[in-house]
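What follows is one structure encoded as structure tokens, with my remarks underneath.
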Amino acid sequence: MTLRGDGPRRGDSLSNLGVIKDGALLVRDGAIVAVGARAKVESRPEARRAEKIDVGGRVVLPGFVDSHTHLIHAASRAEEYELKITGATYEEIARSGGGILNSVKKLRAATSAALKKRALAALKQFAVYGTTTVEAKSGYGLDVSSELKILGLHKELNVEQPLEIVSTFLGAHVVPAEFRGASDGTERYIKLLTEKLMPEVAGQKLAEFCDVFCDRGAFTQEQSKHILQSGKWRGLTPRVHAEQLTRTGATQLAVQLDAASCDHLEQVNRSDIRALAASETVATLLPGCDFHLGLKKYAPARELIEAGTIVALATDYNPGTSPTLSMAMILSLACTQLRMTPAEAIAAATINAAYALRREATIGSLEVGKQADLAVFEVADYREIPYYFGVNTCWMTVKRGKIIHSRDVGKN
Ligand SMILES: [Zn+2]
123 MTLRGDGPRR GDSLSNLGVI KDGALLVRDG AIVAVGARAK VESRPEARRA EKIDVGGRVV
183 LPGFVDSHTH LIHAASRAEE YELKITGATY EEIARSGGGI LNSVKKLRAA TSAALKKRAL
243 AALKQFAVYG TTTVEAKSGY GLDVSSELKI LGLHKELNVE QPLEIVSTFL GAHVVPAEFR
303 GASDGTERYI KLLTEKLMPE VAGQKLAEFC DVFCDRGAFT QEQSKHILQS GKWRGLTPRV
363 HAEQLTRTGA TQLAVQLDAA SCDHLEQVNR SDIRALAASE TVATLLPGCD FHLGLKKYAP
423 ARELIEAGTI VALATDYNPG TSPTLSMAMI LSLACTQLRM TPAEAIAAAT INAAYALRRE
483 ATIGSLEVGK QADLAVFEVA DYREIPYYFG VNTCWMTVKR GKIIHSRDVG KN
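Each number in the working numbering comes from the position in the sequence shown (counting from 1) with 122 added on.
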């Protein structure tokens, strides 16, 4: 499946996978130099000198682009998982010092080395599940040194292991405990973000994007606008956590600010959908979050697709609401809960996700000139990727032409 073609996928074009039966790719220096029918690719003179990797008729697609993760965190929140099962809501847990603030406390106490070790183990697993690019957000530090520590780790990890890390500054995740209580606490925290942290982040080139959690219990639409505009002014492209718990108008704000993506969207209304459809802002759906929290209301994927929105899918890998790094599991949820077809889900997790990260020129499809980022699945038909839920059928993962994961190579 090449996912080739012009522009982001909207409406019917979301189902167009660009399938080549008995296909082949020719790769040089990590980039694709030819893609097409095997006989044609093999007849090229440079193909004769190339090292051949035979994937034995398996399904090849672009490596998954996971455009929304909270990669760096210190520990799981399994204790809250149990509380939720026995009846506490996500917001009740957050009010009693759990939730994001629980992760903040643990992260501030963790050493850089421990955080890095945990992230490296996770990144290895992302590769095992067929993901080749991972967006990573800060947001569990919420003070100057801890946020810079997380963003610094993004930068180090990007060069010290094979997956590509796209860094996002999410200082506006929630207001940290030490700023709560006083009436001007939120205001003072926003000032710290925009006047102290952002200049550091932009100056040291520690992030490309600036994100805000615009929701009940986090930041209002007006506060979000101020933060995102400050980020934009310093060269950080906006993206927004929008309409997850309540409808706040964050989607309209995202469109107004020309945000790269607008994520969650469980509570969007018709006018939000219309605004997104008329924009270049990608609607990133995170069904793993609703599944893990046991919520019944998922984002209205069918309405979004039919209106012409650019829909993407991501794991939202994080310790509180979506502790998975399996994009295939997200595809399974997209099919059964969001009523997306397997083809639509795959396009949403590859080429449209590349648009959400403004990386469409280099990743997200198998086309000449793009990076050779591939996932090979041990299935007879691409529909079996979401069909086999909760199991990993990824057989090989390739990043910039190098094999970074393989199951029984040589026995194909
Ligand atoms: Zn998130």
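We put the beta carbon where it would ideally sit given N, CA and C, even for glycine.
Check: Meets three-Cβ-pair contact criterion under 8 Å: the stretch 396 to 408 and the stretch 433 to 451; Outcome: yes
Check: Any non-hydrogen atom of ligand 1 within 7 Å of glutamate 276 CB; Outcome: For the sequence presented, residue 276 should be read as histidine rather than glutamate. No, ligand 1 has no heavy atom inside 7 Å of this Cβ.
Check: Expected contact under 8 Å - CB spacing of tyrosine 251 and isoleucine 194 to nearest Å; Outcome: Not a contact, Cβ separation roughly 19 Å.
Check: In DSSP terms, what glutamine 343 is bridged to; Outcome: Note: glutamine 343 sits in no beta bridge, so no partner.
Check: Coil, strand or helix - isoleucine 525 by DSSP; Outcome: strand
Check: Inside the stretch 361 to 385 only - beta strand (DSSP E) runs reaching at least 3 residues; Outcome: none
Check: Opening and closing residue of the beta strand (DSSP E) in which aspartate 188 lies; Outcome: 186 to 188
Check: Whole-angstrom distance between glycine 178 and asparagine 534, CA atom to CA atom; Outcome: Because asparagine 534 carries a pLDDT of 41, less than 50, the predicted location of this residue cannot be relied on, and the following value inherits that uncertainty. Straight-line Cα distance between these residues: approximately 6 Å.
Check: Extent of the continuous beta strand (DSSP E) run through leucine 229; Outcome: Careful: leucine 229 lies outside any beta strand (DSSP E), inside the alpha helix (DSSP H) at 222 to 231.
Check: Nearest to glycine 486 (by Cα), restricted to the options Glu309, Thr472, Ala478; Outcome: Thr472
Check: beta-carbon histidine 190 near ligand 1 non-hydrogen atom, thresh 7 Å; Outcome: yes
Check: For aspartate 333 and leucine 292, believed in contact at Cβ under 8 Å, the rounded distance; Outcome: 4 Å
Check: heavy atom of ligand 1 below 7 Å from aspartate 176 C-beta; Outcome: no
Check: For valine 520, three-class secondary structure by DSSP; Outcome: strand
Check: Within 8 Å, strictly: CB atoms of valine 490 and valine 157; Outcome: yes
Check: Through-space distance from asparagine 391 to glycine 523, alpha-carbon basis; Outcome: 43 Å
Check: Start-end ranges of the beta strand (DSSP E) lying completely within the stretch 286 to 331, minimum 3 residues; Outcome: 286 to 294
Check: Complete runs of the beta strand (DSSP E) confined to the stretch 464 to 500 [at least 3 residues]; Outcome: 496 to 499
Check: Glycine 152 beta carbon less than 8 Å from that of alanine 497; Outcome: no
Check: Inter-stretch contact at 8 Å, needing at least 3 Cβ pairs: the stretch 266 to 276 / the stretch 285 to 303; Outcome: yes
Check: Proximity winner among Ser218, Val362, Thr308, relative to leucine 479 (alpha-carbon distances); Outcome: Val362
Check: Status (buried if at least 16 other CB within 10 Å, exposed otherwise) for glutamate 202; Outcome: buried
Check: Exposure label - valine 187; buried when at least 16 CB within 10 Å; Outcome: buried
Check: Residue nearest to arginine 131 in terms of C-alpha spacing, selected from Ala196, Thr359, Ile427; Outcome: Ile427
Check: Same chain, Cβ closer than 7 Å to glutamine 374, neighbours up to 5 away in sequence not counted; Outcome: Asp394, Ala397
Check: Three-way DSSP call (helix, strand, coil) for lysine 271 in this model; Outcome: helix
Check: Chain-order list of residues whose beta-carbon lies under 6 Å from that of valine 296 (same chain, five-residue window excluded); Outcome: Ile222, Ala340
Check: Residues near asparagine 138 by beta carbon distance below 6 Å, same chain, minus five either side; Outcome: none
Check: Any non-hydrogen atom of ligand 1 within 7 Å of aspartate 337 CB; Outcome: no
Check: Assigned secondary structure, asparagine 280 (DSSP; H/G/I helix, E/B strand, else coil); Outcome: helix
Check: CB-CB length for serine 189 against glutamate 269, believed under 8 Å; Outcome: Not quite, the Cβ-Cβ distance comes to about 21 Å (not below 8 Å), so this is no contact.
Check: DSSP three-state assignment for threonine 254, whether helix, strand or coil; Outcome: strand
Check: Distance cut-off 7 Å: aspartate 412 Cβ against heavy atoms of ligand 1; Outcome: no
Check: heavy atom of ligand 1 below 7 Å from asparagine 224 C-beta; Outcome: no
Check: Beta-carbon proximity of tyrosine 509 to glutamine 459, cut-off 8 Å; Outcome: no
Check: Backbone CA spacing between serine 225 and phenylalanine 301 [nearest angstrom]; Outcome: 16 Å
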